[in-house]
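Here's the structure we're looking at; comments come further down.
Protein chains: 2
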Amino acid sequence: MSITISPITGIPVIRPGDDLATHLLSAMDRSRLHLADADILVICQKVVSKAEGRIARIADITASPFAEQIAAQTTDKDPRIVEIILRETTRIVKMNRGHLIVETGPGWVCANAGVDESNSLEDGTVILLPADPDASARRLKDAVRARTDKDVAVLITDTWGRPWRDGLVDFAIGIAGIDAMLDLRGETDMNGRELHHTVMAQADALAATAGLMMRKGAGLPAVLVRGYAFKPAKGSAAPLIRPRELDLFR
Amino acid sequence: MSITISPITGIPVIRPGDDLATHLLSAMDRSRLHLADADILVICQKVVSKAEGRIARIADITASPFAEQIAAQTTDKDPRIVEIILRETTRIVKMNRGHLIVETGPGWVCANAGVDESNSLEDGTVILLPADPDASARRLKDAVRARTDKDVAVLITDTWGRPWRDGLVDFAIGIAGIDAMLDLRGETDMNGRELHHTVMAQADALAATAGLMMRKGAGLPAVLVRGYAFKPAKGSAAPLIRPRELDLFR
Chain A
3 MSITISPITG IPVIRPGDDL ATHLLSAMDR SRLHLADADI LVICQKVVSK AEGRIARIAD
63 ITASPFAEQI AAQTTDKDPR IVEIILRETT RIVKMNRGHL IVETGPGWVC ANAGVDESNS
123 LEDGTVILLP ADPDASARRL KDAVRARTDK DVAVLITDTW GRPWRDGLVD FAIGIAGIDA
183 MLDLRGETDM NGRELHHTVM AQADALAATA GLMMRKGAGL PAVLVRGYAF KPAKGSAAPL
243 IRPRELDLFR
Chain B
3 MSITISPITG IPVIRPGDDL ATHLLSAMDR SRLHLADADI LVICQKVVSK AEGRIARIAD
63 ITASPFAEQI AAQTTDKDPR IVEIILRETT RIVKMNRGHL IVETGPGWVC ANAGVDESNS
123 LEDGTVILLP ADPDASARRL KDAVRARTDK DVAVLITDTW GRPWRDGLVD FAIGIAGIDA
183 MLDLRGETDM NGRELHHTVM AQADALAATA GLMMRKGAGL PAVLVRGYAF KPAKGSAAPL
243 IRPRELDLFR
């Protein structure tokens, strides 16, 4: 069976307090995209964060001496933005060549704690990651269910770099309604040998192409994936975080 | 515009010397999938390597003392398989906790140099990565063009782990007909601010979802992506290799 990935166009600029489900469903109505059970809504972190008011005003921030030092030594950033990043950071993984790769509260490892200077509501603000992206995904799933009676899955994505490979790719950071992983262990190869080690990060795999279809700066922050066969599940992005003790690069 | 990702079913077990294009096109004919210009054929490395005879027979290999040491200390592998891995390796990036993360000739960083013990043609053999995956992709693209007159793109993928994130995802390691990257720099965000840093690894993003649709052990090693808008280009996977001097984790 084929899967289809469709952009959801016509979503307006999202502002703090906006109801995302309303905007998403209205935009889908206008483009005659009608939700079905087992559809997967993929939405970029920025609009979720904006709706949730996860915005910091740079003028409100006082940089600590450490933030001032980092700004001077390792990045070309405003020290107050470094301060905002540090407040989202539980551990600095690498600080080098103008880059600040950190671990955030939930355990994500990414540049700048996911703090984003582009596409903010107005100059002088930056957008933070949602405080609890799984909960954000769950709220959106429940709101869609309440209004359409359709049981969909939700992936919240962000666009990050990777070690070793150039270019950015979207990853899943919040999940509801589908497992992060697809466990193929126990399936055998064509010789009857077990395909050990094969646990696919299905949420990341789906997020990647879906994110490529988005144009976050051009009002296209969400995508609909249809036809992917999956077992409904509570879902959480936590299994995508490699446990620190099993991570050779942290 | 939506994109559609369709599994190509009915591809037989591929053996050394087999003509991949013939098998792919026959399988597509049987399932009434008809190629169109700008389709993207995504095919897993294993069948490409098998067709090209990139297979090593373990019994033919003598492990070097270094391979014996590594096998004893850090992995649960047969020392001869470690030897095969080392012969594909230009640099060891990390050797720890049973894992061998290495850099291969072209510059890919991956576990075990991509040497794969599952799904080999018969017991006692392992499958190596194609010697030049871009050239493999180009040959397949040209063969498809010669037989169907359709101008398609080709991605050759492999399934790898990632630092920081658990679970496996498919990556593009050989490309023809499409750029590895989609450069969005110069596009502006909704405030007219430039979306700097935004170069998307479009080949990896497409490979991820396409690879999730494959079942390499169950005779489903290829997938057709249709409807993705891209500018035809010569294509190469080389831009996906992060230059070593810009890589904080190598």
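Residue numbers (this note's numbering), protein chains in the order written: chain A, 3 to 252; chain B, 3 to 252. For every residue, glycine included, the Cβ atom is placed at its ideal position computed from N, Cα and C. Computed from a predicted model, the values in this text were never measured in an experiment.
Asked, Found
"Decide yes or no for the touch test of the segment 36 to 44 of chain B against the segment 57 to 75 of chain B: beta carbon pairs closer than 8 Å, at least 3 of them.", "no"
"For chain A, find out if any of its Cβ atoms is closer than 8 Å to the Cβ of N114 of chain B; answer yes or no.", "no"
"What ranges does the beta strand (DSSP E) occupy inside the segment 78 to 149 of chain B, keeping only unbroken runs of at least 3 residues that lie completely in it?", "91 to 98, 101 to 106, 111 to 113, 127 to 129"
"Going by the beta-carbon positions, is the gap between L208 of chain A and L170 of chain B smaller than 8 Å?", "no"
"Establish whether the CB of H36 of chain A and some CB of chain B are separated by less than 8 Å.", "no"
"For G213 of chain B, does the three-state DSSP call read helix, strand or coil?", "helix"
"Quick test of your reading: N98 of chain A and T64 of chain A, contact by CB under 8 Å. State the CB separation rounded to the nearest angstrom.", "Their Cβ separation, rounded to whole angstroms, is 26 Å, which puts N98 of chain A and T64 of chain A out of contact at 8 Å."
"If contacts are defined as beta-carbon pairs under 8 Å, then E105 of chain A and T91 of chain A qualify, I think. What distance do you get, rounded to the angstrom?", "7 Å"
"Since I believe D206 of chain B is in contact with L242 of chain B (beta carbons under 8 Å), could you give me their beta-carbon distance rounded to a whole number of angstroms?", "6 Å"
"Below 8 Å on the Cβ atoms is my guess for R17 of chain B versus K52 of chain B; work out the distance and round it to an integer in Å.", "7 Å"
"State buried or exposed for E189 of chain B, treating a residue as buried only when at least 16 other CB atoms are found within 10 Å of its CB.", "exposed"
"For A174 of chain A, which of A:Q204, A:D80, A:L27 has the nearest alpha-carbon?", "A:Q204"
"Could you tell me which residues DSSP puts in a beta bridge with P180 of chain A?", "In the sequence as displayed, the identity of residue 180 of chain A is Ile instead of Pro. Looking at the DSSP assignment, I180 of chain A forms a beta bridge with A:P234."
"In angstroms, rounded to a whole number, what distance separates the CA positions of R217 of chain A and D172 of chain A?", "12 Å"
"Of all the CB atoms in chain B, is at least one closer than 8 Å to the CB of V128 of chain A?", "no"
"In chain B, which residues lie less than 9 Å from E189 of chain A when you measure between Cβ atoms?", "R217, G219, A220"
"With a threshold of 8 Å between beta-carbons, can I16 of chain A be considered close to chain B, or not?", "no"
"So, does the CB of R82 of chain B fall closer than 8 Å to a CB anywhere in chain A?", "no"
"State buried or exposed for S28 of chain B, treating a residue as buried only when at least 16 other CB atoms are found within 10 Å of its CB.", "exposed"
"Using only the alpha-carbon positions, how far apart do D153 of chain A and R147 of chain A sit?", "6 Å"
"Which one or two residues does DSSP pair with S8 of chain A in a beta bridge?", "A:L226"
"By a C-beta neighbour count over all protein chains shown, 10 Å radius and 16 as the cutoff for buried, is L226 of chain B buried or exposed?", "buried"
"Closer than 7 Å by beta-carbon distance: list the chain A residues that pair up with I63 of chain B, in chain order.", "Under the 7 Å cutoff, chain A gives no residues; its nearest Cβ is about 19 Å from I63 of chain B."
"Determine the DSSP secondary structure at M3 of chain A, reduced to helix, strand or coil.", "coil"
"In the DSSP assignment, the alpha helix (DSSP H) including A40 of chain A goes from what residue to what residue?", "Where A40 of chain A is concerned, there is no enclosing alpha helix (DSSP H), given that its DSSP letter is neither H nor E."
"Please classify K233 of chain A as buried or exposed, where buried requires at least 16 other C-beta atoms within 10 Å of its C-beta.", "exposed"
"According to the Cβ coordinates, are S238 of chain A and I177 of chain A closer than 8 Å?", "yes"
"Taking all protein chains shown into account, decide if E85 of chain A is buried (16 or more other Cβ within 10 angstroms of its Cβ) or exposed.", "buried"
"Flag this pair as yes or no: are the beta carbons of E54 of chain B and S138 of chain B separated by less than 8 Å?", "yes"
"Kindly list, in the order they appear in chain A, the residues whose Cβ is closer than 8 Å to that of K96 of chain B.", "L250, F251"
"When you check each C-beta in the segment 156 to 174 of chain B against every C-beta of chain A, which residues fall closer than 9 Å?", "T161, G163, R164, P165, W166, R167, D168, G169, L170, V171, D172, F173"
"Pull up the distance between the alpha-carbon of I7 of chain A and that of S4 of chain B, whole angstroms please.", "5 Å"
"So which residues of chain B does M183 of chain A contact, with C-beta pairs closer than 8 Å?", "D168, G169"
"Determine whether the Cβ of I42 of chain A lies closer than 8 Å to any Cβ atom of chain B.", "no"
"Helix, strand or coil: which one does DSSP assign to T190 of chain A?", "strand"
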